[in-house]
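Trainee: Next up is a structure, given as structure tokens.
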Amino acid sequence: MSEIIKPTKTLDVCGKICPYPDMDTMTTLKKMKKGEVLEVLLDYPLSVERIPRNLKKQGHKLISVEQISGPNHRMLIEAFGLK
Amino acid sequence: MTTAILSGLFVGILFGFALQRGRFCMNSAIRDSILLQDFVLLKAVGAAVLVQMLGFALMSLLGWIKISPTPLFWGANLVGSFIFGIGMVLAGGCASGVTYRVGEGMTSALSALIGLTISATLTAMGFLAPIKDVLQKSTKIMVGEANPTLANILGLPYAVVAITIAVILGGVWIFMAMKNKDDSEKKSNLPLSTKIFKKGWGWLATGVVIGLIGMLAFVTSTWAGRSYPLAITSGWVTIAKMILPNVEAKMGWDAYLVIGIIVGAFLAAIIAGEFKIRWPGWGLLVQTFVGGLLMGFGAVTSGGCNVTHILSGLPQLGIGSLLATISIVLGAWVTAYFIFVRRNA
């Protein structure tokens, strides 16, 4: 667990409004293979709380949410591999 | 006048603070129910409406407030609110949502708010006014001298009907929640001050607090001679009139309220470390502006935005607000479906 996880892909949705951070994250994850890791950079408080609670429904796994500074967060998600 | 300034600002600051902490936005609440099958914010809205329904009923029995339901003009309610629903999805926030997010530093919310204010003012007194007037006058229905409510069309007192509905709906809700236990929120051992000032609030806390603020709004605005609970669009129209030359206007309770909301949300965001000037790119900025334009026209045509109709109107049982609510939801769902669901299918 302690090894540094290298994201397969990075998605920067900083500045984006509702619901783009969530939608972009979900659509990107949909296209990724099982086990690939998506890094999401976001600064929208609602989505920081909403994305984790909606990931499960699609089977994706939240690896970590890390606060970089203020509203800026970095999220690591393991794709379920819907494709 | 001082009452209006102080109480309007005070309630606005509380409201803005709660909106920011609870991430309370009816656009998200309505849209997420179809888009993400996420019902958390919708539950907060439901809780706020039920708290106010009970609260308004009790306060009207005590004689603190006089119920003032929105007018029923079904054509204007249906058309205006449908357009409002479309607009709020494009704008990325409802009327209260875009107002409080300005305090968080979101430029997209500011552009939506400017769009809303411009078109709301043009619909209230500018070249769009005739469309609104025709729609409103040709479809207006009254019960005697009063605006129709679920109570007066049944010939029953408001308080009786409101308390009955609130208790039944609340009871069914609590029963359902007990049955599906997974509904309960995670318990945490963080200190209370951290929970209030640093973390986002849970839906129940958010809903109840906003419900109580709505009650406070009704009482204090009654003192200020206005007699209506929370509302957004009218306040921005007043501020626009103040800015315009050759237009007579006076700052009222609702104008101080909207200013207070921005201040409250700003304070909440600063304390939580969530304030940041955010830049969404020109494309989104144009989209939110257009969304704001549609919202402003829709709100004034329908006699109110989502706050007037859903948050403040439903608890007063106004039929016009009920129609408007249905229409806002439909407009939002249709738009969310076309721009998000289909795009990603």
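Those protein sequence lines, which keep their order, are chains A and B.
What the first sequence shows, in my numbering, is residues 80 to 162, in sequence order.
What the second sequence shows, in my numbering, is residues 1172 to 1516, in sequence order.
Positions of the beta carbon are idealized from the N, C-alpha and C atoms, including for glycine.
1. Span of the alpha helix (DSSP H) holding V116 of chain A?
2. What number of angstroms, rounded off, separates the C-alpha of A1175 of chain B from the C-alpha of W1394 of chain B?
3. Please classify T1320 of chain B: does DSSP put it in a helix, a strand, or coil?
4. Taking only the alpha-carbon atoms, compute the straight-line gap between L195 of chain A and P98 of chain A and give it to the nearest angstrom.
5. How many angstroms separate the CA atom of S1204 of chain B from the CA atom of E1275 of chain B?
6. Could you work out which residue in B:I1236, B:P1240, B:L1225, B:L1206 is closest to L1493 of chain B when comparing CA atoms only?
7. Does any residue of chain A have a CB that is nearer than 8 Å to the CB of M1277 of chain B?
8. Which two residues bound the contiguous beta strand (DSSP E) that contains N151 of chain A?
9. Among B:L1428, B:S1392, B:L1185, B:L1455, whose alpha-carbon lies nearest the alpha-carbon of C93 of chain A?
10. Establish whether the CB of S1199 of chain B and some CB of chain A are separated by less than 8 Å.
11. What residue does the beta strand (DSSP E) around V1418 of chain B start on, and which one ends it?
12. Could you compute how far the alpha carbon of I1490 of chain B sits from the alpha carbon of T1391 of chain B?
13. Spell out the partners DSSP gives R1449 of chain B in its beta bridges.
14. When you compare each of B:G1406, B:L1438, B:L1284 to V1145 of chain B by their alpha carbons, which one comes out closest?
15. Going by DSSP in three states, D91 of chain A sits in which element: helix, strand or coil?
16. Can you tell me the Cα-Cα spacing of S1355 of chain B and A1348 of chain B, whole angstroms?
17. Chain A partners of W1372 of chain B, CB-CB under 9 Å?
18. In the DSSP output, which residue or residues are listed as bridge partners for F1244 of chain B?
Mentor: According to the structure data:
1. That residue, V116 of chain A, is in no alpha helix (DSSP H); its beta strand (DSSP E) goes 116-121.
2. Taking the straight line from one Cα to the other gives about 8 Å.
3. Note: T1320 of chain B maps to strand in three-state DSSP.
4. The structure shown does not extend to residue 195 of chain A, since chain A is modelled only from 80 through 162, so no value can be given for it.
5. Cα to Cα, the separation comes out at about 24 Å.
6. The shortest Cα separation from L1493 of chain B among B:I1236, B:P1240, B:L1225, B:L1206 belongs to B:P1240.
7. Output row for M1277 of chain B: interface = yes.
8. Residues 151-157.
9. Closest option to C93 of chain A, Cα to Cα, is B:L1455.
10. S1199 of chain B counts as touching chain A.
11. The continuous stretches of beta strand (DSSP E) do not include V1418 of chain B, and DSSP gives it neither H nor E.
12. It is roughly 25 Å from the alpha-carbon of I1490 of chain B to the alpha-carbon of T1391 of chain B.
13. Residue pairing by DSSP places R1449 of chain B opposite B:M1277 in a beta bridge.
14. Since the first residue of chain B shown is 1172 and the last is 1516, residue 1145 of chain B is not available in this structure.
15. Three-state result, D91 of chain A: strand.
16. With a pLDDT of only 49 at S1355 of chain B, under the threshold of 50, the placement of this residue in the model should not be trusted; the figure read from the coordinates follows. So the two alpha carbons sit approximately 8 Å from each other.
17. For W1372 of chain B, there are no neighbours in chain A by C-beta distance under 9 Å, as the nearest C-beta there is about 10 Å away.
18. For F1244 of chain B, which the question treats as bridged, DSSP gives the partners B:K1311.
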